[in-house]
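Undergrad: Residue numbers (my numbering): 16 to 162. Input: one structure, supplied below.
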């Protein structure tokens with residue numbers, strides 16, 4: 016998890032946190048076995064849990080936990096915003112070769128073809144004058160078939 020720089024300010028309400036202290040495991044001798052220096056923080060609204068037992072004191076581990084929690088909350092909010100943006104954008108396609116909706120052919124023959132529905136017409140001038148009703152109806156019929 017990347018650390019969050021100090022320019023991004025994430026507000027964490029202390030009442031939203033559940034803080035547990037426990038004895039750290041691993042090497043460290045008598046000091047680790049006697050003191051509750053390890054810290055586990057749970058952000059109750061999101062259920063995100065972080066823990067730290069790297070530092071020697073509980074205060075340092077609390078500070079480190081808060082840094083990690085801020086970084087995870089930032090990533091959580093960013094992912095939520097990205098999902099919302101994707102919902103709003105819908106079925107947006109990249110603009111690239113082959114992703115066009117309709118083809119207009121003027122030479123050597125005249126034809127307009129909708130690639131989503133397969134509907135086509137030889138009356139190019141009517142389509143160019145705004146007569147898209149045929150293509151709109153074909154698209155709506157194809158969408159109803161999907162439902």
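Idealized CB from N, CA, C, for every residue including glycine.
Assuming residue 87 and residue 120 form a contact by the criterion Cβ under 8 Å, report the distance between their Cβ atoms to the nearest whole angstrom.
TA: Residue 87 to residue 120, Cβ: 54 Å. No contact.
Undergrad: Going straight from the alpha carbon of residue 104 to that of residue 155, what length do you get?
TA: 19 Å
Undergrad: Quick one: complete beta strand (DSSP E) runs, 3+ long, within the stretch 64-147?
TA: 117-120 and 126-129
Undergrad: Looking only at DSSP bridge pairs, what is residue 149 linked to?
TA: In DSSP, residue 149 forms no bridge with anything.
Undergrad: Whose C-alpha, out of 112, 161, 162 and 26, is nearest the C-alpha of residue 92?
TA: 26
Undergrad: Please list the terminal residues of the continuous beta strand (DSSP E) segment that includes residue 36.
TA: 32-37
Undergrad: Check each candidate in 72, 37, 136 and 56 and name the one with the smallest Cα separation from residue 118.
TA: 136
Undergrad: Quick one, which of 132, 151, 130 and 124 has its alpha-carbon nearest residue 139's?
TA: Residue 139 has its Cα closest to that of 124, out of 132, 151, 130 and 124.
Undergrad: Quick one: is residue 94 buried, meaning 16 or more other Cβ sit within 10 Å of its Cβ, or exposed?
TA: exposed
Undergrad: Please list the terminal residues of the continuous beta strand (DSSP E) segment that includes residue 57.
TA: Note, residue 57: beta strand (DSSP E), 53-58.
Undergrad: Of all the options 150, 143 and 145, which has the alpha carbon lying nearest to the alpha carbon of residue 129?
TA: Checking every option, the nearest Cα to that of residue 129 belongs to 150.
Undergrad: Per DSSP, what kind of secondary structure is residue 157 in: helix, strand or coil?
TA: helix
Undergrad: Please classify residue 101 as buried or exposed, where buried requires at least 16 other C-beta atoms within 10 Å of its C-beta.
TA: With fewer than 16 other Cβ atoms within 10 Å, it is exposed.
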